[in-house]
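A quick write-up on the structure given underneath.
Residue numbers (our numbering): 16 to 513.
Written as structure tokens, this is what we have:
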């Protein structure tokens with residue numbers, strides 16, 4: 016399932032799938048940075064590896080006279096071949112910011128390009144769309160604004176018959192949507208959500224992947240929760256459309272699952288869930304069960320050593336599940352809709368091993384999900400104990416402070432379930448590990464250790480005795496003059512009086 020897909024659309028100097036995979040990998044990093052640093056991420060669809068790399072041999076800076084000449088030839092050339100070549104030259108020049116600025120300053124240039132986009136010559140239409148795509152990828156905000164007159168036509172062409180052309184329009188719209196609020200204001204009342212809901216029924220995987228990208232760009236807009244995901248006007252929002260149901264269908268594990276498409280729609284689902292507009296609706300559509308089955312399938316792929324590109328999908332899947340499980344509304348949802356399959360816990364530990372070897376940055380994502388699974392579920396706490404997973408969990412403690420805090424939270428979730436659970440946590444390697452964490456200086460790690468020790472002393476008096484016998488009070492002394500001093504004092508009193 017995780018092997019590379021066959022190349023599609025047309026033979027290129029470098030395989031289409033290889034270029035797409037590069038873009039996905041770049042996008043995964045950009046998405047993470049964007050969420051954390053409010054960066055703008057865009058995607059570029061070019062013809063071959065040389066252009067993808069921005070080779071100086073394939074693009075030169077064009078001056079005003081050259082831009083005018085190419086536009087004139089494209090508009091009034093002696094034959095279609097000459098007109099197409101002029102647009103190709105213009106497109107390559109538009110790979111440079113200097114040419115982009117020259118183009119938008121030139122009076123009538125965008126009007127000419129839109130005229131070519133709406134002509135009845137398919138090759139000229141395609142090359143004009145590629146020119147717009149280059150402009151849409153610009154880092155200059157004024158360039159995106161200049162493309163505004165073309166966006167309505169790009170939207171109209173989503174209902175066309177050429178999957179290649181639809182794909183190009185979708186990527187271009189995605190780039191413009193994320194850059195310009197004016198573009199979003201224009202496209203929303205023109206029915207971009209309904210157009211996307213039609214596109215998602217396409218049988219072409221390239222179109223679906225491009226749609227997932229464009230939709231994810233739209234969902235990340237600052238006004239998305241109120242005006243895009245949910246809105247006062249019924250029928251005009253993402254949650255009012257058929258998009259969520261189709262997205263979940265495309266994420267169903269099985270032989271028809273396309274990894275590239277699943278990645279894009281997993282991120283879309285993540286942004287919808289983060290908006291907290293109506294996660295109950297997603298749950299009733301089966302989001303939890305779909306994500307749970309997909310997680311099991313991903314763990315199976317790791318075991319079969321079919322892990323090519325796996326991290327690109329596992330990250331949004333983990334985040335979606337974690338955020339849905341953090342919802343207070345989950346307690347009100349019928350029990351049968353809540354995850355309760357202990358295979359999810361086994362799958363997580365299989366993935367932990369994969370993360371340790373290849374993607375350590377994903378460990379906190381998985382541990383956050385485990386925290387949310389065990390927070391209100393005695394069933395999952397019992398699974399960790401009965402499957403002897405506490406010791407493997409403790410082995411993660413030394414990896415980082417972030418990992419340590421999450422591991423300790425999971426252990427607190429188990430301990431707070433009562434004496435029967437603390438009885439099974441103790442004895443074992445737990446106390447030596449906690450004494451090691453008390454030797455650290457990180458306030459959050461130490462604070463979480465103190466909380467766990469309080470629970471153990473409360474429900475398992477023998478733990479307090481063992482703590483005293485193994486120089487636990489001396490370990491606490493280091494923190495008596497810190498912001499944790501009140502909690503240290505409380506724990507000391509508990510230990511001495513059990």
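Where a beta carbon is used, it is the ideal one built from N, C-alpha and C, also for glycine.
Where residue 349 and residue 339 are concerned, what is the direct C-alpha to C-alpha distance, given to the nearest angstrom?
Note that residue 349 scores 46 on pLDDT, short of 50, meaning its location in the model is unreliable and no value can be drawn from it.
Tell me the DSSP secondary structure of residue 507 in three-state form.
helix
Are there any heavy atoms of the ligand ZN lying less than 7 Å away from the beta-carbon of residue 333, as far as the coordinates show?
Absence of the ligand ZN is noted for the structure shown, with no ligands found whatsoever.
Between which two residues does the alpha helix (DSSP H) carrying residue 193 extend?
178-194
Mapping DSSP to helix, strand and coil, what is residue 203?
coil
Does the stretch 277-290 come close enough to the stretch 316-323 that 3 or more CB-CB pairs lie under 8 Å?
no
Using 8 Å as the cut-off, can you tell me whether the stretch 161-172 makes contact with the stretch 118-133, which would need three or more C-beta pairs spanning the two stretches below that distance?
yes
Straight-line Cα distance separating residue 231 from residue 417
28 Å
Out of 485, 438, 436, 372, point me to the one whose CA is closest to residue 448's CA.
485
Could you give the distance in angstroms between the alpha-carbon of residue 65 and the alpha-carbon of residue 107?
For residue 65, the pLDDT reaches just 48, beneath the cut-off of 50, and the residue's location in the model is therefore unreliable, although a value from the coordinates is still provided. Roughly 12 Å between the two C-alpha positions.
CB-CB under 8 Å to residue 197, same chain, minus the five flanking residues each way: which ones, in chain order?
160, 163
From the DSSP output, in three-state form, read off residue 454 for me.
coil
Test item: CB-CB of residue 181 and residue 233 under 8 Å:
no
Does the contact criterion of 3 or more C-beta pairs under 8 Å hold for the stretch 477-494 versus the stretch 445-460?
yes
Considering just the uninterrupted stretch of the alpha helix (DSSP H) at residue 293, what are its terminal residues?
That residue, residue 293, is in no alpha helix (DSSP H); it is neither H nor E in DSSP.
By how many angstroms is the C-alpha of residue 326 removed from the C-alpha of residue 375?
11 Å
Please list, in chain order, all residues of the same chain as residue 51 whose beta carbon is under 8 Å from its beta carbon, the five residues on each side excluded.
Below a pLDDT of 50, predicted positions are generally treated as unreliable, and residue 51, at 48, falls in that range; the measurement from the model is reported next regardless. Nothing listed; no residue qualifies.
Grouping DSSP H, G and I as helix and E and B as strand, with all else coil, what is residue 312?
helix
Could you check how far apart the C-beta atoms of residue 336 and residue 266 are, in whole angstroms? I think they sit under 8 Å.
Not really, about 12 Å apart at Cβ, beyond 8 Å.
Quick one: Cα of residue 275 to Cα of residue 224, how far?
6 Å
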